[in-house]
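Residue numbers (full-length UniProt numbering): 1 to 269.
Step one of this worksheet: look at the structure below.
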């Protein structure tokens with residue numbers, strides 16, 4: 001009897017130690033997988049891991065990833081090859097925004113003094129800016145559009161009278177998810193949309209397409225996104241492949257230990 005009690009006490013002690021010593025348990029979340037295709041027919045697959053407060057985005061085959069802490073409203077760019085991370089907080093991006101604003105005002109003054117032909121050329125170049133740097137106006141074009149096995153509504157985003165973006169939005173009920181479980185992703189979307197100009201080329205295109213530049217979160221989640229060039233040719237397509245519940249090891253949504261911080265330089269990461 002004594003031996004059996006001793007044997008039984010081993011798992012009991014392990015359980016108690018996990019409770020009192022704070023051993024970390026697996027965390028529940030969601031995994032969204034997307035497939036992307038650009039104009040050079042390069043395909044990629046992105047995995048988006050969601051917890052209640054954090055988002056981790058990783059592109060297959062890439063050594064970089066994106067981590068967003070919704071509670072702190074801070075974005076981190078992770079470089080697994082160099083074991084570095086770059087912190088992008090609200091305060092840091094607001095300072096960059098002020099610098100960009102001053103530079104933009106100076107450029108506008110310079111444009112006014114240019115000869116008419118040069119001024120028109122520069123204005124045309126600004127009109128042809130990438131879709132993520134423009135203010136887009138969205139209108140619903142169609143409903144009941146099938147994307148994968150979901151039913152979606154089609155929205156068109158235009159700038160200067162040109163089609164630059166199409167979104168296919170599926171209601172949360174259609175996706176069989178609760179909006180509150182996607183709260184961290186929606187806050188990342190708002191964060192990227194608010195700071196997209198400051199972030200510039202620092203975010204991979206797949207992350208911009210998935211996470212930014214649309215005001216339609218209340219309508220559901222985009223299951224397909226198409227960006228167009230000024231001539232109306234598709235530049236980039238991102239399609240949601242699946243959503244599933246997952247369990248991740250504790251700490252999966254944290255900056256890996258031993259990573260050093262690198263200072264952010266707008267548009268040059």
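All C-beta atoms in this analysis are idealised placements derived from N, C-alpha and C, irrespective of residue type, glycine included.
Quick caveat: nothing in here was measured; it's all calculated off a predicted structure.
Three-state secondary structure assigned by DSSP to residue i
i, result
"residue 259", "coil"
"residue 162", "strand"
"residue 195", "helix"
"residue 178", "coil"
"residue 114", "coil"
"residue 45", "strand"
"residue 133", "Low local confidence applies: a pLDDT of 47 at residue 133 is under 50, so the model's placement there is unreliable, and no value is given."
"residue 105", "helix"
"residue 51", "coil"
For residue i, the first and last residue of its enclosing alpha helix (DSSP H)
i, result
"residue 174", "172-175"
Nearest neighbour of residue i, chosen from the options [CA to CA]
i, options, result
"residue 158", "138, 118 and 226", "138"
"residue 185", "241, 28, 26 and 32", "32"
"residue 53", "72, 42 and 164", "72"
"residue 25", "248, 254, 195 and 261", "248"
"residue 177", "242, 64 and 140", "242"
"residue 191", "114, 76 and 106", "76"
"residue 254", "34, 69, 38 and 39", "69"
"residue 181", "136, 164, 246 and 119", "246"
"residue 95", "195, 120 and 112", "195"
"residue 193", "174, 151, 93 and 256", "93"
"residue 175", "222, 140 and 162", "222"
7 angstroms CB neighbourhood of residue i in its chain, flanking five on each side removed
i, result
"residue 179", "172"
"residue 44", "36, 59, 60 and 206"
"residue 229", "235"
"residue 135", "159"
"residue 111", "119 and 122"
"residue 149", "none"
"residue 256", "none"
Within 8 angstroms, strictly: CB atoms of residue i and residue j
i, j, result
"residue 29", "residue 57", "no"
"residue 232", "residue 170", "no"
"residue 153", "residue 142", "yes"
"residue 86", "residue 260", "no"
"residue 47", "residue 64", "no"
"residue 83", "residue 258", "yes"
"residue 155", "residue 166", "yes"
"residue 164", "residue 227", "yes"
Residue i: first and last residue of the uninterrupted beta strand (DSSP E) it sits in
i, result
"residue 87", "84-89"
"residue 78", "74-79"
"residue 142", "137-147"
"residue 38", "27-38"
"residue 242", "234-248"
"residue 224", "221-228"
"residue 254", "Counting along the chain, residue 254 falls outside any beta strand (DSSP E), and DSSP gives it neither H nor E."
"residue 65", "64-69"
Neighbourhood of residue i by C-beta distance below 6 angstroms, restricted to the same chain and skipping five residues each side
i, result
"residue 224", "147, 168 and 239"
"residue 252", "none"
"residue 244", "31"
"residue 55", "68, 184, 185 and 188"
"residue 42", "none"
"residue 38", "236"
"residue 106", "none"
"residue 90", "73"
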